[in-house]
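J.:
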Amino acid sequence: MAFEPNTLETMRLIKDLTSIPSPTGNTEQVLAFVENYLKEVGIASTRNNKGALLVRIPGKDDTKQRMLTAHVDTLGAMIKEVKADGRLAINLIGGYRFNAIEGEYCTIETSDGKRYTGTILMHQTSVHVYQDAGTAARDAKNIEIRLDAKVFNREDVAKLGIGVGDFVSLDPRVEIINEEFIKSRHLDDKASVAILLTLLKKLQQDGAELPYTTNFLISNNEEIGYGGNSNIPPETIEYLAIDMGALGDGQASDEYTVSICAKDGSGPYHYGLRKNLVQLCEENGIDYKVDIYPFYSSDASAAIKAGFDIVHGLIGPGIDASHAYERTHRDSLYHTEKLVYAYLFSEIVK
Ligand SMILES: [Zn+2]
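Per numbering that gives the first Met the number 0, residue 0 is the first one in the sequence shown, and the count goes up by one each step.
This is the structure:
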């Protein structure tokens, strides 16, 4: 099973994906891109009512099935309030801190589809004016959007069609460095979506038959906890989420290996499946780290919580500074892609 992933192709696809805004709740544009990508390589997909995309690849055995998922939705925000001075207060979508977006460019999409740019700033930013610029809390009260428009009050903003409930997407600032590193917001989880799409394309081109019917779910509500907890066929035994490995002090994961999650905030992942994944790495020369993500849950744990009787697992590329300005290395993409490929052709062993 000599498969050499083309990580540059994967990185370019990640760049395309992160460049399309898709905060949870407003993911149609990126899902249309994914749908079209699959169509162009000759793979049919369907949608569920939530808008997520499903692909079914028939395998030798249809009585036992697998499901793999990655999510296209990302962190973002909504306009919470238009302030008297024309600045915009925001309410965050997904789990992150305001300091992670201070100074970031953003785009506001109005309900009638117009787009305006702005910058996310502390109200007390200018050190020439505010003595507490460095110490004031980075929170919902002080962080606001400065619109790139000549507005002085609420009425001016209303005239642009901007109002409460408009979606705010964060500028990804995606950059590929020397074909080695990719730094961008939203590598979580668009790096994994790109890996699944690249592998689906390869399966289609090779025409190789998988041992089990395998369902792919590109979910669009993971960041708020319920992306991949539906549309799981009753024959499904194994459910593998491809999402990011979390890096930091005391973490085993890094940007150069595939991270295999033993446990996260939701509890241990299935022990047998985890051991199979480790074995696949050992057999195929795949560099990996087994890790625990303390403050984390996934679409696989969401499926378990929703009551599905499945064996669940979680793997993914190591992503530095997750839920902020993220980065990973081609090696991590390479080893993740190799593991997913090996897994697709492996036996289901409970
Ligand atoms: Zn994620």
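Quick reminder that beta carbons are idealized off the backbone N, C-alpha and C, glycines included.
It should be emphasised that the depicted structure is a prediction, and the values quoted were computed from it without experimental measurement.
(1) Can you find the residues in the same chain that come closer than 6 angstroms, C-beta to C-beta, to N47, ignoring five residues on each side of it along the sequence?
(2) Name the residue from K158, D188, R86, R65 whose alpha carbon lies nearest to the alpha carbon of R326.
(3) What is the residue span of the beta strand (DSSP E) that Y36 lies within?
(4) Alpha carbon to alpha carbon, what distance is there between Y104 and M121?
(5) Listed in chain order, which residues are found with a beta carbon closer than 6 angstroms to a heavy atom of ligand 1?
(6) Just curious, the beta strand (DSSP E) that M66 is in, first and last residue?
(7) Determine the direct distance from the alpha carbon of V173 to that of Q203, and round the result to whole angstroms.
(8) Are F215 and G264 closer than 8 angstroms when you measure CB to CB?
(9) When you compare each of Q130, I259, G162 to H311 by their alpha carbons, which one comes out closest?
(10) Give me the residue from L199, L196, P57 with the minimum Cα distance to T235.
(11) Any idea if L199 is buried or exposed, counting beta-carbon neighbours within 10 angstroms, 16 or more meaning buried?
(12) Distance check for G224 and S297, CA to CA, integer angstroms please.
(13) Starting from the C-beta of F307, find all residues in its chain whose C-beta is less than 6 angstroms away, skip the five residues before and the five after it, and write them out in chain order.
(14) Going by DSSP, what residue range makes up the alpha helix (DSSP H) through I303?
(15) Measuring straight from C-alpha to C-alpha, what distance separates L12 and T23?
(16) Return helix, strand or coil for L91, following the three-state DSSP convention.
(17) Just grab the DSSP bridge partners of I314 for me.
(18) Ignore the nearest five residues each way along the sequence and tell me which others in L272's own chain have a CB closer than 8 angstroms to its CB.
(19) From the DSSP output, in three-state form, read off V126 for me.
(20) Considering only residues of the same chain and omitting the five flanking positions on each side of T26, which have a CB-CB separation below 7 angstroms?
(21) What beta strand (DSSP E) runs, 3 residues minimum, are completely inside the segment 131-204?
(22) Below 6 angstroms CB to CB, which residues in the same chain sit around Y129 once its five sequence neighbours on both sides are set aside?
(23) Pair every Cβ in the segment 37-47 with every Cβ in the segment 61-69, then say whether three or more of these pairs are closer than 8 angstroms.
(24) For E108 and A76, what's the separation of their Cα atoms in angstroms?
(25) How close, in whole Å, do the beta carbons of I144 and R184 come, if the pair is a contact with beta carbons under 8 angstroms?
(26) From what residue to what residue does the alpha helix (DSSP H) around G271 run?
(27) Any contact between the segment 334-342 and the segment 298-305? By contact I mean 3 or more CB pairs, one from each, below 8 angstroms.
(28) Spatial neighbours of A135 within its chain, please: C-beta separation below 6 angstroms, excluding the five flanking residues on both sides.
(29) Assuming D330 is part of the alpha helix (DSSP H), what are its boundary residues?
(30) Can you give the Cα-Cα distance for V289 and S252, rounded to whole angstroms?
(31) Output needed for I19: all residues of its chain with C-beta closer than 7 angstroms, excluding positions within five of it in sequence on either side, in chain order.
(32) What did DSSP end up calling T23 once you bin it into helix, strand or coil?
(33) Restricting to Cα atoms, I'd like to know which of I119, S345, H127 is closest to A99.
T.: Working from what's here:
(1) In the sequence shown, residue 47 corresponds to position 48, counting from 1. Only N230 meet the Cβ criterion.
(2) Sequence index remark: in the sequence shown, residue 326 carries index 327 (1-based). It is D188 whose Cα lies nearest to the Cα of R326.
(3) What you label residue 36 is simply residue 37 of the sequence shown in a count that begins at 1. From DSSP, Y36 is part of no beta strand (DSSP E) but of the alpha helix (DSSP H) over 27-39.
(4) Here residue 121 corresponds to residue number 122 of the sequence shown, with the count starting at 1. Here residue 104 corresponds to residue number 105 of the sequence shown, with the count starting at 1. When rounded, the distance between both Cα atoms is 13 angstroms.
(5) H70, D187, D188, E221, D242, M243
(6) As a position in the sequence shown, residue 66 is number 67, starting the count at 1. Looking at the DSSP string, the run of the beta strand (DSSP E) that includes M66 is 58-70.
(7) Along the sequence shown, one-based indexing puts residue 203 at 204. Along the sequence shown, one-based indexing puts residue 173 at 174. Each residue's Cα considered, the two are about 29 angstroms apart.
(8) Within the sequence shown, residue 215 is the residue found at index 216, counting from 1. Within the sequence shown, residue 264 is the residue found at index 265, counting from 1. No. Outside cutoff.
(9) As a first step, residue 311 is located in the sequence shown; it is residue number 312 there, counting from the start. Checking every option, the nearest Cα to that of H311 belongs to I259.
(10) Stepping through the sequence shown from its first residue, residue 235 is reached at position 236. It is P57.
(11) Walking along the sequence shown from the start, residue 199 turns up at place 200. Under this definition L199 is a buried residue.
(12) Taking the first residue of the sequence shown as 1, we reach residue 297 at position 298. Taking the first residue of the sequence shown as 1, we reach residue 224 at position 225. Each residue's Cα considered, the two are about 7 angstroms apart.
(13) As a position in the sequence shown, residue 307 is number 308, starting the count at 1. Excluding sequence neighbours, F307 sits near I231.
(14) Walking along the sequence shown from the start, residue 303 turns up at place 304. Counting along the chain, the alpha helix (DSSP H) containing I303 begins and ends at 298-304.
(15) Within the sequence shown, numbered from 1, the residue matching residue 12 stands at position 13. Within the sequence shown, numbered from 1, the residue matching residue 23 stands at position 24. Approximately 20 angstroms, taken between the alpha carbons.
(16) Against the sequence shown, residue 91 aligns to sequence position 92. Note: L91 maps to strand in three-state DSSP.
(17) Here residue 314 refers to the residue found at position 315 when the sequence shown is read from its first residue. In the DSSP output, where bridge partners are listed per residue, I314 has I241, I259.
(18) Here the question's residue 272 lines up with position 273 in the sequence shown. Excluding residues within five positions, the ones whose Cβ falls inside 8 angstroms are E237, L239, V310, H311, G312.
(19) Sequence index remark: in the sequence shown, residue 126 carries index 127 (1-based). Three-state result, V126: coil.
(20) For this step, residue 26 is matched to residue 27 along the sequence shown. Cβ neighbours of T26 beyond the five flanking positions: G50, V71, D72, N219.
(21) 142-146, 166-169, 174-176, 180-183
(22) In the sequence shown, counting from the first residue as 1, residue 129 sits at position 130. The residues are Q123.
(23) no
(24) Residue 108 sits at position 109 when you count from the first residue of the sequence shown. Residue 76 sits at position 77 when you count from the first residue of the sequence shown. Roughly 11 angstroms between the two C-alpha positions.
(25) Numbered from its first residue, the sequence shown carries residue 144 at position 145. Numbered from its first residue, the sequence shown carries residue 184 at position 185. Not quite, the Cβ-Cβ distance comes to about 16 angstroms (not below 8 angstroms), so this is no contact.
(26) Position 272 of the sequence shown, counting from 1, holds the residue named residue 271. Per DSSP, G271 belongs to the alpha helix (DSSP H) from 270-283.
(27) no
(28) Mapped onto the sequence shown, residue 135 falls at position 136. Q123, N141, listed in sequence order.
(29) Translated into positions along the sequence shown, residue 330 becomes position 331. Taken as a continuous stretch (DSSP letters only), the alpha helix (DSSP H) holding D330 covers 329-343.
(30) As a working note, residue 289 is residue 290 in the sequence shown. As a working note, residue 252 is residue 253 in the sequence shown. Distance between the alpha carbons of V289 and S252: 7 angstroms.
(31) Against the sequence shown, residue 19 aligns to sequence position 20. Hits under 7 angstroms: Q28, V29, F32.
(32) One-based indexing of the sequence shown puts residue 23 at position 24. Residue state, collapsed to three classes: coil.
(33) Residue 99 sits at position 100 when you count from the first residue of the sequence shown. When each option's Cα is compared against that of A99, the closest is I119.
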